[in-house]
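Report on the following structure.
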DNA sequence: ATATCTTTGCAACTCAGTTGCATAAAAGTC
DNA sequence: GACTTTTATGCAACTGAGTTGCAAAGATAT
């Protein structure tokens with residue numbers, strides 16, 4: 001993915017900090033928290049979070065809160081559910097569609113919680 | 001609901017603080033956060049959170065994190081999905097069952113996020 | 001090159017939830 | 001009821017993710 005193209009036409013400037021955040025999010029195949037990537041990016045956390053806010057305003061990035069009190073971020077793709085393991089806290093993107101309709105409500109995201117394949121057999 | 005009976009046979013003592021937390025959770029028809037009920041209970045927040053931990057150890061209470069950085073608590077009933085409004089942050093229990101199976105995974109809870117009936121028409 | 005507007009790092013702050021510790025209050029026993 | 005043991009409580013100090021104010025640095029347009 002070409003980050004420059006990705007940011008073009010959005011009303012935000014192209015900076016090293018922004019490129020490295022987006023590169024990390026593109027490379028991951030699951031949502032990441034600040035703690036997941038802070039070792040791999042060299043910027044203040046204020047810069048990280050302020051850029052995330054910008055990305056979300058532009059619709060480039062989506063986020064949600066997990067069990068472990070961290071917020072998780074991913075490049076906005078076609079909507080898909082997420083799975084959060086209540087044992088090891090890992091987060092995965094779910095490929096299978098979850099169909100659900102609630103009269104009068106507009107569903108934007110679905111989060112499934114439970115035990116992942118690794119944890120389901122442990123205890 | 002009789003709180004004394006509810007707590008009986010669990011390895012925790014019956015105290016005023018515990019009774020008032022459980023009463024509030026029973027009376028509500030949706031999950032509540034500490035902020036939701038702190039005005040209506042007279043105890044230190046340390047006492048509140050420590051008791052919630054006990055209740056969860058005994059399986060009396062369940063909880064999850066929401067969008068607004070607060071943790072929400074409810075009396076453990078038969079499993080049902082929850083809806084979180086991304087505009088007004090209200091949380092509702094969903095009565096319609098959501099069927100979903102993920103091979104090798106054990107689903108414990110389903111959280112739907114989106115716009116509630118009041119917010120879906122606003123913006 | 002220069003002017004303008006945006007972004008950055010730093011440090012200080014916020015706020016939900018946690019922890020240590022001394023005191024108080026349950027529950028069981030006599 | 002008085003005594004003993006165990007558990008619960010309040011207070012204050014702490015933690016850690018995320019936020020904010022501000023001055024300095026960097027991006028883009030002219």
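Protein chains in written order, with the numbering used here: chain Z, 1 to 123; chain C, 1 to 123. Beta carbons are placed, not taken as given, at the ideal position from N, Cα and C, and that holds for glycine. All of these numbers come straight from a predicted model, not from anything done at the bench.
Buried or exposed for residue i, please, with buried defined as at least 16 other CB atoms from any protein chain shown within 10 angstroms of its CB.
i: residue 14 of chain C; result: exposed
i: residue 30 of chain C; result: exposed
i: residue 2 of chain C; result: exposed
i: residue 53 of chain Z; result: exposed
i: residue 9 of chain Z; result: exposed
Using 8 Å as the threshold, is the C-beta distance between residue i and residue j below it?
i: residue 116 of chain Z; j: residue 93 of chain Z; result: no
i: residue 73 of chain Z; j: residue 109 of chain Z; result: no
i: residue 61 of chain C; j: residue 41 of chain C; result: no
i: residue 120 of chain Z; j: residue 104 of chain C; result: yes
i: residue 79 of chain C; j: residue 111 of chain C; result: no
i: residue 70 of chain Z; j: residue 35 of chain Z; result: yes
i: residue 32 of chain Z; j: residue 24 of chain Z; result: yes
i: residue 12 of chain Z; j: residue 58 of chain Z; result: yes
i: residue 100 of chain C; j: residue 91 of chain C; result: no
Sorted by chain position, which residues of the same chain lie with C-beta nearer than 8 Å to residue i's C-beta, five sequence neighbours on each side aside?
i: residue 87 of chain C; result: 115, 116, 119, 122, 123
i: residue 56 of chain C; result: 62, 63
i: residue 89 of chain Z; result: 66, 67, 68
Can you list, in chain order, the residues of its chain with a C-beta nearer than 6 Å to that of residue i? Leave out the 5 residues immediately preceding and following it.
i: residue 48 of chain Z; result: 34
i: residue 19 of chain C; result: 3
To the nearest whole angstrom, what separates the beta carbons of residue i and residue j, a pair I think is in contact under 8 Å?
i: residue 6 of chain C; j: residue 102 of chain Z; result: About 31 Å separates the two Cβ atoms, so there is no contact after all.
i: residue 43 of chain C; j: residue 27 of chain C; result: No, residue 43 of chain C and residue 27 of chain C are not in contact; Cβ-Cβ is about 17 Å, not under 8 Å.
Looking only at DSSP bridge pairs, what is residue i linked to?
i: residue 112 of chain C; result: Z/110, C/83
i: residue 100 of chain Z; result: Bridge partners of residue 100 of chain Z: none, in fact.
i: residue 65 of chain Z; result: Z/71
Using a Cβ-Cβ cutoff of less than 7 Å, which residues in the same chain neighbour residue i once the five nearest sequence positions on both sides are dropped?
i: residue 113 of chain C; result: 84, 86
i: residue 4 of chain Z; result: 14
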